[in-house]
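Each remark here refers to the structure printed beneath this line.
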Amino acid sequence: MQLFDKTNIDFVSLRKVFINISGLILILGVVVAFIFPPEFGIDYTGGSEVAVKFSKNVSTDELRNVISNAGLKNAEIKSFGEDNQYLIRVKEFGDVQIKIESALSKITNNTFTILKVDKIGAKIGGEMRMQAFFAIILAIIAMLIYIGFRFEFAFGLGAMIALVHDVFVAITFIMVFNALGIMDLEINQSLLAALLTVVGYSVNDTVIVFDRVRENRELHKGMNFIKLINLSINETLSRTVNTVMTVVITLVVLLIFGGPVLMGFAFTLLVGILVGTYSSVYIASNFVIWYFEKIKKQDLETGWINEKNKVKTA
Amino acid sequence: MKKVLGKIILVAITLIAALAMLYPTYKANNLEKIQKEYLAKAKQAKNSSDSLAVIEAFQKQYGEALMKAKNSQLKLGLDLRGGMYVTLEVDVAKLIEETATKQYVDDTFMQVVEKTAAEARNTEDDVIDIFLKNFNAIARPKGKSLISYFDFGNVRDLSEEKIIEKLRNDQKQAIDQALEVLRQRIDQYGVAEPNIQKQGATRIVMELPGVSNVADMRSLLSTTARLEFKLVKNNRQIVEFFYRVDNLLKGKLEPVVAATDTAKVDTNKVAKADKTKTTAKVDTTKKKTDSTKVAADTTKKSDTTDPYAGLPKEEAAKKYLSDHPFTRLFTTYYMPPQKNANVVPIYYTVNQFPEGEYMFKIMEDSLPRFKEIMNRPEVKALMPAELAIAFDAKPDPRFVEQNINVFDFYSLKKEPELTGEVIVDALATYDPSSNLPVVTMAMNADGAERWSKITGANLNKRIAIVLDDRVYSAPNVQSKITGGNSQISGMSSPEEARLLEIVLKAGALKAPVEIIEERIVGPSLGEDSIRNGITASVIAVILVVLYMAMYYSTGGVYADIAVVLNIVLILGILASLGGTLSLPGIAGIILTLGMAVDANVLIYERIREELHKGRSFKSALDEGFSKALSAILDSNITTFITGLILFYLGSGPIQGFALTLMIGILMTLFTAILITRALIDITLNAGKDTISFGEKKIKTIK
Chain A
1 MQLFDKTNID
11 FVSLRKVFIN
21 ISGLILILGV
31 VVAFIFPPEF
41 GIDYTGGSEV
51 AVKFSKNVST
61 DELRNVISNA
71 GLKNAEIKSF
81 GEDNQYLIRV
91 KEFGDVQIKI
101 ESALSKITNN
111 TFTILKVDKI
121 GAKIGGEMRM
131 QAFFAIILAI
141 IAMLIYIGFR
151 FEFAFGLGAM
161 IALVHDVFVA
171 ITFIMVFNAL
181 GIMDLEINQS
191 LLAALLTVVG
201 YSVNDTVIVF
211 DRVRENRELH
221 KGMNFIKLIN
231 LSINETLSRT
241 VNTVMTVVIT
251 LVVLLIFGGP
261 VLMGFAFTLL
271 VGILVGTYSS
281 VYIASNFVIW
291 YFEKIKKQDL
301 ETGWINEKNK
311 VKTA
Chain B
315 MKKVLGKIIL
325 VAITLIAALA
335 MLYPTYKANN
345 LEKIQKEYLA
355 KAKQAKNSSD
365 SLAVIEAFQK
375 QYGEALMKAK
385 NSQLKLGLDL
395 RGGMYVTLEV
405 DVAKLIEETA
415 TKQYVDDTFM
425 QVVEKTAAEA
435 RNTEDDVIDI
445 FLKNFNAIAR
455 PKGKSLISYF
465 DFGNVRDLSE
475 EKIIEKLRND
485 QKQAIDQALE
495 VLRQRIDQYG
505 VAEPNIQKQG
515 ATRIVMELPG
525 VSNVADMRSL
535 LSTTARLEFK
545 LVKNNRQIVE
555 FFYRVDNLLK
565 GKLEPVVAAT
575 DTAKVDTNKV
585 AKADKTKTTA
595 KVDTTKKKTD
605 STKVAADTTK
615 KSDTTDPYAG
625 LPKEEAAKKY
635 LSDHPFTRLF
645 TTYYMPPQKN
655 ANVVPIYYTV
665 NQFPEGEYMF
675 KIMEDSLPRF
685 KEIMNRPEVK
695 ALMPAELAIA
705 FDAKPDPRFV
715 EQNINVFDFY
725 SLKKEPELTG
735 EVIVDALATY
745 DPSSNLPVVT
755 MAMNADGAER
765 WSKITGANLN
775 KRIAIVLDDR
785 VYSAPNVQSK
795 ITGGNSQISG
805 MSSPEEARLL
815 EIVLKAGALK
825 APVEIIEERI
835 VGPSLGEDSI
845 RNGITASVIA
855 VILVVLYMAM
865 YYSTGGVYAD
875 IAVVLNIVLI
885 LGILASLGGT
895 LSLPGIAGII
905 LTLGMAVDAN
915 VLIYERIREE
925 LHKGRSFKSA
935 LDEGFSKALS
945 AILDSNITTF
955 ITGLILFYLG
965 SGPIQGFALT
975 LMIGILMTLF
985 TAILITRALI
995 DITLNAGKDT
1005 ISFGEKKIKT
1015 IK
């Protein structure tokens, strides 16, 4: 089977359109962040969370009622996976589990089992927040260094811009989907793990294209710069699509069958990897073109002037 | 054939290695099933003794194999097996409050402490710094200094610096003390495979699998430890009691117990520290005859005839064991009063025991049965009312090196002579004259007065230092101690001295800990998660395998074989690294599945391209593998770096994800490049000219 046979799609000429689209999404993200700020899980805010399973149907109103009667005000109640499973979250930290258990036992004609309890002190929450922030920044810097080391500075910068773009777009999607109530997506530890994996994976895609650019540069010396990039993207297109397909298959499976604990994780990765593929074609490569055109003031029509000539094909 | 032999071997070895690494997991699972059957049988047993016998029978037959298998099996994370994860932190504000001298504490001081506690809850700053800042702001304007509140008794030239230094030191030790106390308690509570670790300077992280009674566990974690000094009464009275228990039990027929062998070996190991079991048995019998002589010697004047006379050695040993259902569980030594005399093993053949000091040692294996017998009402009735049995907290260090856990146990006077509150300070140090590790301990005035009376009345007797009913040391009183400063010697190592220091401080320092993070996963959610994880993995594998086979034809099938091998390898390596498989870990494996075929996709696309260019199959194959390599390396290294960052900055389950991701990447490089290539070469060698990579048939050039 072969889906792509010697394609010759002009990815590059539309670059301005796509850069604008991406810019718009990012602006939208900032706006969304103000209207529907991202919801942080108790991993990062501190507080308590109890997941319960009831034997029979219970309304969230009734749940909220008994819990508020037990002295836990402003409890958040969400469904958790299957029917009759709820997640009760309160800001308090202390004997919350006992209070909730005794409150729930007041619901008549129903029995419940505690599925899980998470209690995070405010101090730990703050520390984890710092750690998460630090981890993302560290990952991005590490990528910049690696790509800069393996290719040249412009490529490293292009890859970094692409992945910052991916992370922001993914977060925008998370905020929008969460605010619209399509999916329960709060920023917690497993979401962070997903975001970091997106960082690694997004670069992965970009690297494949850059690797081909590097090779073609030697192969077609003097070729029109824009044509060169376009050729490289087209040559790697089949691979790009296939890899994304296999990963997307696994992530969709995970999203559907992975259960409530992994849902946010799978969703974030799915969005991040799709966006990552898009950005490796439209953002990273186009940044490199822009960089050589505007910053290095090279004439793109006459072909690449390889100043350092340090890169050699394997 | 010769050409590809190496490759066949490579594939075979990989397969065998992967399966070998997972074999302990398979075995442990099987043994656990058998264990469950035994436990069910044990539950049905009429009394606790019978049920213990069933458990002992399992231990005897499978115990060692199960332990071995469990050590190298793939462990499941708490999120999959259910359990409790707790982070505890030393409550430094409380510690400061406890350290201050009670009589001097006033409202101003409490105000400072409360403000400190409130602030400490929300920042990561050093709590002692916060305390000092608040003290300067609130108490100092009122003319107070630290010296107004802290009095450590016998410290000379008490200065503010010294007080701060002591507070910092106490903070450090509070964590070790809490760690020790918690370890013992969790151990006694009977949590299987707990993981208790110190994290940073003030935290303890505990993973307690299978704990469901959270309320119990929480009270266990929050109550403070009890330190007591108790008189050791290892005397004739208790030995005679043991003798009577034997006789009491002999009336009933005991089930043949498997633990007899260990009891036998036990006797010898303690006496001679012999390593081999076979010689041990023979030796025991020898000694038995010896000991009867000893017994006969000491009872020269009584008419008792030796019941073992004339019996062959093996028979004598057998008879001894069946005659002594209780005392065979441990070994007893008599310590003659003469100086430098050797300890004498004692056998319960005749009811004639010399006056004086005894010593008891028991193997860990025999502990459950010992405790079970001691708990029977009819045995309890025989026990001298003022005495109680207590075990050493740590196994005898001389045997630990040989992987044998032997515990000393003591008969103690129930009423403590003194409790820990009187201790002001303790310090592990070296005796300047002998240069051996010692521990010094200081008491307050009230304690010192009572201590001098106690030591004066019990010269040359032993006093046990007991924390939470476990004995940490039972030193001999060498002189009457006045003034409250004592020195305890005889520690075998500086570590032992340090442990004793920590234990003694439990009297002065109440090591208040608070729970700052608590996660509980109920067993039902764990089961759901395992089911979800398995379903998702199976479906993902099937889909990816189908996709690859459809798209890349034969080449795709080889990639599929490599990917499946990859997953088995990830699990195997995870098991042999001692890692745990968490739900995010499963997600990591599923993700690796998608990414692993990426390497093959890169190679195959390249081969297709080269074929299009008109290369021969062979050279297209070589080009494909070699030219795709740099892209494969680059893309995998970047993902590996993020995995590394996650591993170091993440916690718990996230680390599990990072670990599987990293192992997955390394294995991907191996399987996707080497294994698929080997498979292709093996096929080609078997006579095929080409292999399909699902490319369009444009092969016009031959």
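Sequence order for the protein chains is A and B.
Using this note's numbering, read the first sequence as starting at 1 and increasing by one per residue.
Using this note's numbering, read the second sequence as starting at 315 and increasing by one per residue.
We put the CB at the ideal spot given by N, CA and C, even for glycine.
DSSP three-state assignment for B/I718, whether helix, strand or coil: The sequence position of residue 718 of chain B within the second sequence is 404, counting from 1. Coil.
Item checked: Reference A/V199; option with closest CA among A/V31, A/I88, A/F18 and A/S279 -> In the first sequence, the residue the question calls residue 199 of chain A occupies position 199. The residue with the shortest Cα to Cα distance from A/V199 is A/S279.
Is the closest heavy atom of the ligand SAM to the C-beta of B/S807 under 8 Å?
-> As far as ligands go, the structure on display features none, and thus does not contain the ligand SAM.
- Task: Starting from B/Y861, find everything on chain A with Cβ-Cβ shorter than 8 Å and list it in chain order.
- Result: The sequence position of residue 861 of chain B within the second sequence is 547, counting from 1. Ordered by position in chain A, the residues that pass the 8 Å Cβ test against B/Y861 are M245, T246 and I249.
- Are there 16 or more other CB atoms within 10 angstroms of the CB of B/R712, so buried, or fewer, so exposed? As a working mapping, residue 712 of chain B is identified with position 398 in the second sequence. Exposed.
Could you tell me the distance, in whole angstroms, from the CA atom of A/F153 to the CA atom of A/Q298? Position 153 of the first sequence, counting from 1, holds the residue named residue 153 of chain A. Position 298 of the first sequence, counting from 1, holds the residue named residue 298 of chain A. Rounded to the nearest angstrom, the two C-alpha atoms are 16 Å apart.
> Would A/I136 be called buried (16 or more neighbouring beta carbons within 10 Å of its own) or exposed?
Replying inline: Working through the first sequence from its first residue, we reach residue 136 of chain A at position 136. Buried is the call here.
**Asked** In three-state DSSP terms, what is B/R712?
**Response** Counting from one through the second sequence, the residue named residue 712 of chain B turns up at place 398. Helix at B/R712.
(request) Say whether the region 929-936 of chain B touches the region 93-100 of chain A, bearing in mind that this needs 3 or more beta-carbon pairs closer than 8 Å, one atom from each stretch. (result) no
Under a three-way DSSP split, which group does B/R1080 fall into?
-> The structure shown does not extend to residue 1080 of chain B, since chain B is modelled only from 315 through 1016, so no value can be given for it.
Can you name, in chain order, every residue of its own chain whose Cβ lies under 7 Å from the Cβ of B/K355, other than the five neighbours on each side? By one-based count along the second sequence, residue 355 of chain B stands at place 41. Answer for B/K355: V368, listed in chain order.
- Message: For B/P898 and A/S79, which I take to be in contact (beta-carbon distance under 8 Å), what is that distance rounded to the nearest angstrom?
- Response: For the purposes of this step, residue 898 of chain B is identified with residue 584 of the second sequence, where counting begins at 1. For the purposes of this step, residue 79 of chain A is identified with residue 79 of the first sequence, where counting begins at 1. Not confirmed; about 22 Å, so no contact.
Exercise. What in chain B is Cβ-close to A/S190, meaning under 9 Å?
Worked result: Sequence index remark: in the first sequence, residue 190 of chain A carries index 190 (1-based). Here the neighbours are L897, P898, A901, P967, I968 and F971.
Check your understanding: Between the C-alpha atoms of A/A284 and B/G870, what's the straight-line distance to the nearest angstrom?
Key -> Position 284 of the first sequence, counting from 1, holds the residue named residue 284 of chain A. Position 556 of the second sequence, counting from 1, holds the residue named residue 870 of chain B. Cα-Cα distance, rounded: 30 Å.
Note to self: Measuring straight from C-alpha to C-alpha, what distance separates B/T415 and B/L496?
What the structure shows: Here residue 415 of chain B refers to the residue found at position 101 when the second sequence is read from its first residue. Here residue 496 of chain B refers to the residue found at position 182 when the second sequence is read from its first residue. Near 27 Å, if we compare the C-alpha coordinates of B/L496 and B/T415.
Integer-rounded CB distance, given that B/V911 should sit under 8 Å from B/V1035: Only positions 315 to 1016 of chain B appear in this structure, which leaves residue 1035 of chain B out of reach.
Next item on the list: Give me whichever residues DSSP pairs with B/N799 in a beta bridge.
Entry: If you number the second sequence from 1, residue 799 of chain B lands on position 485. According to DSSP, which records beta bridges pairwise, B/N799 is partnered with B/A756.
Reduced DSSP category for A/V17 - H, G, I as helix; E, B as strand; rest coil:
Counting from 1 along the first sequence, the entry for residue 17 of chain A is found at position 17. The answer is helix: DSSP assigns A/V17 an H, G or I state.
Count the CB pairs spanning the region 514-534 of chain B and the region 380-398 of chain B that are closer than 8 Å, and state whether there are at least three.
yes
- Task: Confirm, please, whether the CB-CB distance from A/I114 to B/E831 is below 9 Å.
- Result: Taking the second sequence and counting its residues from 1, the one referred to as residue 831 of chain B is at position 517. Taking the first sequence and counting its residues from 1, the one referred to as residue 114 of chain A is at position 114. No, Cβ-Cβ distance for B/E831 and A/I114 is not below 9 Å.
Using 9 Å as the limit for Cβ to Cβ distance, is B/K941 near chain A?
What you label residue 941 of chain B is simply residue 627 of the second sequence in a count that begins at 1. Interface residue (Cβ-Cβ distance to chain A less than 9 Å): B/K941 is classified as such.
query: Relative to the C-alpha of B/A704, which residue among B/V714, B/E715, B/I977 and B/L681 is closest?
result: Counting from one through the second sequence, the residue named residue 704 of chain B turns up at place 390. Comparing Cα positions, the closest option is B/L681.
Discussion item. I'd like to know if B/A609 contacts chain A, where contact means its C-beta is closer than 9 Å to some C-beta of that chain.
Written reply: Taking the second sequence and counting its residues from 1, the one referred to as residue 609 of chain B is at position 295. Its pLDDT being 39, under 50, B/A609 is placed unreliably by the model, and nothing is read from it.
Give, in chain order, every unbroken run of the beta strand (DSSP E) that is at least 3 residues long and sits entirely within the region 495-539 of chain B.
-> 509-513 and 517-523
- Can you give me the start and stop residues for the alpha helix (DSSP H) that B/P967 sits inside? Here residue 967 of chain B refers to the residue found at position 653 when the second sequence is read from its first residue. Start and end: P967 to T982.
Next on the checklist: Tell me which residue opens and which closes the alpha helix (DSSP H) that B/G938 is part of.
Outcome noted: In the second sequence, counting from the first residue as 1, residue 938 of chain B sits at position 624. From DSSP, the alpha helix (DSSP H) with B/G938 extends over F931 to L963.
Using C-beta distances below 8 Å, list every residue in its chain close to B/D760, excluding the 5 sequence neighbours before and after it, in chain order. If you number the second sequence from 1, residue 760 of chain B lands on position 446. Cβ within range, chain order: V736.
Quiz prompt | B/I834, DSSP secondary structure in three states | solution = Along the second sequence, read from residue 1 onward, the residue named residue 834 of chain B stands at position 520. In the three-state reduction of the DSSP assignment, B/I834 falls in the strand class.
inquiry  = Under DSSP, the beta strand (DSSP E) around B/F674 begins and ends at which residues?
reply    = Along the second sequence, one-based indexing puts residue 674 of chain B at 360. Looking at the DSSP string, the run of the beta strand (DSSP E) that includes B/F674 is E671 to M677.
Three CB pairs or more closer than 8 Å across the region 14-33 of chain A and the region 68-82 of chain A | no
Point to revise | Cut-off 7 Å between Cβ atoms - residues of its own chain near B/T576, not counting five sequence neighbours on either side | key: The sequence position of residue 576 of chain B within the second sequence is 262, counting from 1. Here B/T576 scores only 41 on pLDDT, less than 50, and its place in the model should not be relied on; the value that follows carries that caveat. Hits under 7 Å: M677, D679 and S680.
Can we say the region 624-644 of chain B touches the region 682-694 of chain B, given the rule of at least three CB pairs closer than 8 Å?
yes
Closer than 8 Å by C-beta to B/L732: which residues in its own chain qualify, once you throw out the five before and the five after it? Chain order, please. Along the second sequence, read from residue 1 onward, the residue named residue 732 of chain B stands at position 418. Excluding sequence neighbours, B/L732 sits near E542, F543, G761, R764, W765 and I768.
Inset, instruction - Use the C-beta contact count for B/Y918: other C-beta atoms within 10 angstroms, 16 or more gives buried, fewer gives exposed. - result: For the purposes of this step, residue 918 of chain B is taken as residue 604 along the second sequence, with counting starting at 1. Counting Cβ neighbours within 10 Å, B/Y918 comes out buried, since at least 16 surround it.
> If we ignore side chains and look at the alpha-carbon of each, how far apart do B/L958 and B/N343 end up?
Replying inline: Walking along the second sequence from the start, residue 958 of chain B turns up at place 644. Walking along the second sequence from the start, residue 343 of chain B turns up at place 29. It is roughly 31 Å from the alpha-carbon of B/L958 to the alpha-carbon of B/N343.
Notebook entry, point to check: Out of B/Q425, B/A695 and B/E815, which has the shortest C-alpha to C-alpha gap to B/F555?
Noted result: Residue mapping note: residue 555 of chain B aligns to position 241 of the second sequence, counting from 1. Selected option, being the one with the closest Cα: B/A695.
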